[in-house]
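Here is the structure we will look at.
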Amino acid sequence: MISTRVLTGDSVAAVLDDLARLRIAVFRDWPYLYDGDPDYERDYLRAYQTPGAVVVAAFDGARMIGAATGAPMEHHAGDFAAAFANRPEALEDIFYCAESVLLPEYRGKGLGHAFFDGREAQGRALGRRYSAFCSVQRPPDHPLRPTNYRPLDDFWRKRGYEPLSGAVAEFDWKDIDAPVSTRKPLQFWMKRL
(Lines of atoms letter the chains of each structure in order from A and count residues from 1; the text may use other names and numbers.)
(Lines give C-alpha, C1' and ligand atoms only; values in the text may rest on other atoms or scores of the structure.)
Protein backbone atom coordinates (compact mmCIF):
# COMPACT_ATOMS: atom_id res chain seq x y z
CA MET A 1 0.00 0.00 0.00
CA ILE A 2 1.57 3.29 -1.17
CA SER A 3 0.87 6.35 0.96
CA THR A 4 2.24 9.85 1.39
CA ARG A 5 2.80 11.88 4.53
CA VAL A 6 3.49 15.59 4.90
CA LEU A 7 6.14 16.09 7.58
CA THR A 8 7.20 19.32 9.26
CA GLY A 9 9.10 20.35 12.38
CA ASP A 10 10.23 17.55 14.70
CA SER A 11 8.64 14.81 12.56
CA VAL A 12 11.25 15.41 9.83
CA ALA A 13 14.10 14.07 11.99
CA ALA A 14 12.68 10.53 11.89
CA VAL A 15 13.10 10.29 8.09
CA LEU A 16 16.44 12.05 7.52
CA ASP A 17 18.52 8.86 7.25
CA ASP A 18 16.04 7.33 4.79
CA LEU A 19 15.95 10.57 2.81
CA ALA A 20 19.77 10.67 2.68
CA ARG A 21 19.86 7.10 1.31
CA LEU A 22 17.23 7.92 -1.30
CA ARG A 23 19.07 11.06 -2.43
CA ILE A 24 22.31 9.13 -2.86
CA ALA A 25 20.59 6.32 -4.79
CA VAL A 26 18.33 8.40 -7.06
CA PHE A 27 20.73 11.28 -7.74
CA ARG A 28 23.39 8.78 -8.84
CA ASP A 29 21.40 8.45 -12.08
CA TRP A 30 21.12 10.89 -14.96
CA PRO A 31 21.03 13.87 -15.01
CA TYR A 32 22.61 14.44 -11.58
CA LEU A 33 25.28 11.69 -11.66
CA TYR A 34 25.94 12.54 -7.99
CA ASP A 35 28.58 10.55 -6.13
CA GLY A 36 26.88 10.99 -2.75
CA ASP A 37 28.32 11.02 0.74
CA PRO A 38 26.17 9.98 3.75
CA ASP A 39 27.84 12.44 6.16
CA TYR A 40 27.29 15.37 3.79
CA GLU A 41 23.68 14.28 3.27
CA ARG A 42 22.87 14.17 6.98
CA ASP A 43 24.32 17.64 7.48
CA TYR A 44 22.60 19.09 4.39
CA LEU A 45 19.19 17.64 5.26
CA ARG A 46 19.11 19.27 8.69
CA ALA A 47 18.01 22.40 6.81
CA TYR A 48 14.56 20.78 6.55
CA GLN A 49 14.10 20.84 10.31
CA THR A 50 13.75 24.63 10.18
CA PRO A 51 10.48 26.59 10.50
CA GLY A 52 8.40 26.48 7.34
CA ALA A 53 10.25 23.52 5.82
CA VAL A 54 8.40 20.42 4.63
CA VAL A 55 9.15 16.85 3.58
CA VAL A 56 6.48 15.06 1.57
CA ALA A 57 7.41 11.40 2.00
CA ALA A 58 6.08 8.41 0.06
CA PHE A 59 5.94 4.97 1.65
CA ASP A 60 5.29 1.45 0.43
CA GLY A 61 4.10 0.03 3.73
CA ALA A 62 6.76 1.13 6.23
CA ARG A 63 9.51 1.60 3.60
CA MET A 64 10.20 5.14 2.37
CA ILE A 65 10.37 4.96 -1.43
CA GLY A 66 10.47 8.65 -2.28
CA ALA A 67 10.35 12.14 -0.91
CA ALA A 68 10.28 15.79 -1.86
CA THR A 69 11.54 18.67 0.24
CA GLY A 70 10.75 22.36 0.37
CA ALA A 71 11.53 25.44 2.43
CA PRO A 72 11.17 29.21 2.37
CA MET A 73 13.55 30.49 -0.31
CA GLU A 74 15.32 32.85 2.09
CA HIS A 75 16.65 29.77 3.94
CA HIS A 76 18.71 29.22 0.77
CA ALA A 77 19.59 32.88 0.15
CA GLY A 78 23.33 32.21 0.16
CA ASP A 79 22.95 29.63 -2.59
CA PHE A 80 20.36 31.40 -4.74
CA ALA A 81 20.84 35.15 -4.21
CA ALA A 82 22.94 35.48 -7.37
CA ALA A 83 20.40 33.60 -9.51
CA PHE A 84 17.63 35.97 -8.38
CA ALA A 85 19.69 39.18 -8.26
CA ASN A 86 18.10 40.55 -11.44
CA ARG A 87 14.59 39.21 -10.79
CA PRO A 88 11.69 41.33 -9.51
CA GLU A 89 10.45 38.65 -7.05
CA ALA A 90 11.68 38.93 -3.45
CA LEU A 91 13.13 35.73 -2.00
CA GLU A 92 10.67 36.11 0.91
CA ASP A 93 7.77 35.68 -1.58
CA ILE A 94 9.06 32.35 -2.92
CA PHE A 95 8.68 28.81 -1.62
CA TYR A 96 11.56 26.65 -2.82
CA CYS A 97 10.71 23.13 -3.94
CA ALA A 98 14.06 21.47 -3.44
CA GLU A 99 14.82 17.84 -4.23
CA SER A 100 12.32 15.30 -5.40
CA VAL A 101 13.53 11.70 -5.34
CA LEU A 102 11.59 8.55 -6.14
CA LEU A 103 12.79 5.00 -6.72
CA PRO A 104 12.41 4.10 -10.44
CA GLU A 105 9.92 1.27 -9.94
CA TYR A 106 7.42 3.70 -8.33
CA ARG A 107 7.47 6.35 -11.06
CA GLY A 108 4.40 7.01 -13.19
CA LYS A 109 1.95 6.40 -10.32
CA GLY A 110 1.07 10.03 -9.52
CA LEU A 111 3.57 10.54 -6.71
CA GLY A 112 5.27 13.41 -8.55
CA HIS A 113 1.97 15.30 -8.39
CA ALA A 114 1.57 14.45 -4.70
CA PHE A 115 5.07 15.80 -4.07
CA PHE A 116 4.30 19.12 -5.76
CA ASP A 117 0.82 19.34 -4.20
CA GLY A 118 2.25 19.00 -0.69
CA ARG A 119 5.02 21.52 -1.22
CA GLU A 120 2.80 24.06 -2.97
CA ALA A 121 0.23 23.75 -0.15
CA GLN A 122 3.01 24.49 2.35
CA GLY A 123 4.03 27.54 0.31
CA ARG A 124 0.44 28.82 0.27
CA ALA A 125 0.08 28.19 4.02
CA LEU A 126 3.14 30.38 4.56
CA GLY A 127 1.65 33.14 2.40
CA ARG A 128 4.14 32.72 -0.44
CA ARG A 129 3.24 34.14 -3.85
CA TYR A 130 5.49 31.86 -5.91
CA SER A 131 6.80 28.31 -6.01
CA ALA A 132 10.18 27.62 -7.62
CA PHE A 133 12.63 24.80 -8.17
CA CYS A 134 15.78 24.28 -10.19
CA SER A 135 16.86 21.51 -12.55
CA VAL A 136 20.40 20.50 -13.44
CA GLN A 137 21.49 21.34 -16.97
CA ARG A 138 23.71 18.87 -18.82
CA PRO A 139 24.96 19.11 -22.40
CA PRO A 140 22.87 17.08 -24.87
CA ASP A 141 25.98 15.21 -26.01
CA HIS A 142 27.13 14.23 -22.49
CA PRO A 143 28.67 10.73 -22.68
CA LEU A 144 26.57 9.38 -19.77
CA ARG A 145 23.22 10.64 -21.11
CA PRO A 146 20.91 7.61 -21.57
CA THR A 147 19.54 7.22 -25.07
CA ASN A 148 16.00 6.81 -23.68
CA TYR A 149 16.13 9.86 -21.36
CA ARG A 150 12.91 11.87 -21.26
CA PRO A 151 13.20 15.30 -19.59
CA LEU A 152 10.46 16.32 -17.15
CA ASP A 153 9.85 19.69 -18.83
CA ASP A 154 6.35 18.72 -20.07
CA PHE A 155 5.32 17.53 -16.58
CA TRP A 156 6.54 20.77 -15.01
CA ARG A 157 4.79 22.91 -17.64
CA LYS A 158 1.51 21.05 -17.07
CA ARG A 159 1.82 22.02 -13.40
CA GLY A 160 2.16 25.68 -14.43
CA TYR A 161 5.93 26.11 -14.13
CA GLU A 162 8.04 27.93 -16.69
CA PRO A 163 11.82 28.41 -16.86
CA LEU A 164 13.00 31.80 -15.60
CA SER A 165 15.17 33.55 -18.13
CA GLY A 166 18.61 34.22 -16.68
CA ALA A 167 17.86 32.61 -13.30
CA VAL A 168 20.61 30.00 -13.10
CA ALA A 169 22.29 28.78 -9.92
CA GLU A 170 25.63 27.01 -9.82
CA PHE A 171 26.57 24.18 -7.48
CA ASP A 172 29.55 21.91 -7.08
CA TRP A 173 29.34 18.17 -6.60
CA LYS A 174 31.38 15.15 -7.54
CA ASP A 175 30.07 13.16 -10.50
CA ILE A 176 30.19 9.38 -10.42
CA ASP A 177 32.81 9.37 -13.21
CA ALA A 178 34.95 12.27 -11.96
CA PRO A 179 37.86 12.46 -9.49
CA VAL A 180 36.83 15.87 -8.05
CA SER A 181 33.79 18.12 -7.69
CA THR A 182 32.91 20.38 -10.60
CA ARG A 183 30.46 23.24 -11.02
CA LYS A 184 27.06 22.57 -12.63
CA PRO A 185 24.37 25.03 -13.78
CA LEU A 186 20.82 24.61 -12.48
CA GLN A 187 17.96 26.37 -14.26
CA PHE A 188 15.17 27.83 -12.12
CA TRP A 189 11.51 27.25 -12.94
CA MET A 190 8.69 29.13 -11.21
CA LYS A 191 4.93 29.54 -11.04
CA ARG A 192 2.54 31.84 -9.21
CA LEU A 193 0.73 30.13 -6.30
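Numbering of the sequence shown is given in our numbering, commencing with residue 308 and proceeding in unit increments. Beta carbons: idealized from backbone N, C-alpha and C, even for Gly.
Assuming contact is defined by CB atoms lying nearer than 8 Å, are residue i and residue j in contact in what I supplied?
{"i": "Cys404", "j": "Ser442", "result": "no"}
{"i": "Pro458", "j": "Val475", "result": "no"}
{"i": "Arg445", "j": "Pro338", "result": "yes"}
{"i": "Arg436", "j": "Arg490", "result": "no"}
{"i": "Ala374", "j": "Leu326", "result": "yes"}
If you draw a straight line from the C-alpha of residue i to the C-alpha of residue j, how long is it?
{"i": "Thr376", "j": "Asp448", "result": "30 Å"}
{"i": "Pro278", "j": "Trp463", "result": "The structure shown does not extend to residue 278, since the chain spans only 308 to 500, so no value can be given for it."}
{"i": "Gly430", "j": "Pro486", "result": "38 Å"}
{"i": "Gly425", "j": "Glu406", "result": "13 Å"}
{"i": "Val362", "j": "Thr454", "result": "32 Å"}
{"i": "Leu471", "j": "Met380", "result": "15 Å"}
{"i": "Asp386", "j": "Glu412", "result": "32 Å"}
{"i": "Thr315", "j": "Ala321", "result": "11 Å"}
{"i": "Asp479", "j": "Ala428", "result": "30 Å"}
{"i": "Ile483", "j": "Arg328", "result": "16 Å"}
{"i": "Ala390", "j": "Gln494", "result": "9 Å"}
Hey, quick one: how far does the beta strand (DSSP E) through residue i stretch, first residue to last?
{"i": "Lys465", "result": "No beta strand (DSSP E) holds Lys465; the alpha helix (DSSP H) holding it covers Asp460 to Lys465."}
{"i": "Asp479", "result": "Glu469 to Lys481"}
{"i": "Ala432", "result": "First-last for Ala432: Leu418 to Ala432, but that is the alpha helix (DSSP H), not the beta strand (DSSP E)."}
{"i": "Thr311", "result": "Ile309 to Leu314"}
{"i": "Thr489", "result": "Ser488 to Arg499"}
{"i": "Tyr403", "result": "Ile401 to Leu409"}
{"i": "Phe366", "result": "Val361 to Asp367"}
{"i": "Gly415", "result": "Per DSSP, Gly415 belongs to no beta strand (DSSP E) and is neither H nor E."}
{"i": "Met380", "result": "That residue, Met380, is in no beta strand (DSSP E); it is neither H nor E in DSSP."}
{"i": "Phe391", "result": "Careful: Phe391 lies outside any beta strand (DSSP E) and carries neither H nor E."}
Over the uninterrupted alpha helix (DSSP H) stretch that includes residue i, give me the two end residues.
{"i": "Val333", "result": "Leu323 to Val333"}
{"i": "Asp346", "result": "Pro345 to Leu352"}
{"i": "Phe387", "result": "Ala384 to Phe387"}
Using 10 angstroms around the beta-carbon of residue i, count the other beta-carbons present and answer buried if the total reaches 16, otherwise exposed.
{"i": "His420", "result": "exposed"}
{"i": "Tyr456", "result": "exposed"}
{"i": "Ile401", "result": "buried"}
{"i": "Arg330", "result": "buried"}
Below 7 Å, is the gap between the Cβ of residue i and the nearest heavy atom of the ligand SAM?
{"i": "Tyr403", "result": "With respect to small molecules bound, the structure shown includes none, and the ligand SAM cannot be examined in it."}
Three or more beta-carbon pairs under 8 Å between the segment 358-372 and the segment 309-319, yes or no?
-> Between the segment 358-372 and the segment 309-319, the count of C-beta pairs closer than 8 Å reaches three or more; the two stretches touch.
Segment contact flag, the segment 332-348 with the segment 382-396, C-beta cutoff 8 Å, min 3 pairs = For the pair of segments examined, the segment 332-348 was found not to touch the segment 382-396: the number of CB pairs separated by less than 8 Å stays below three.
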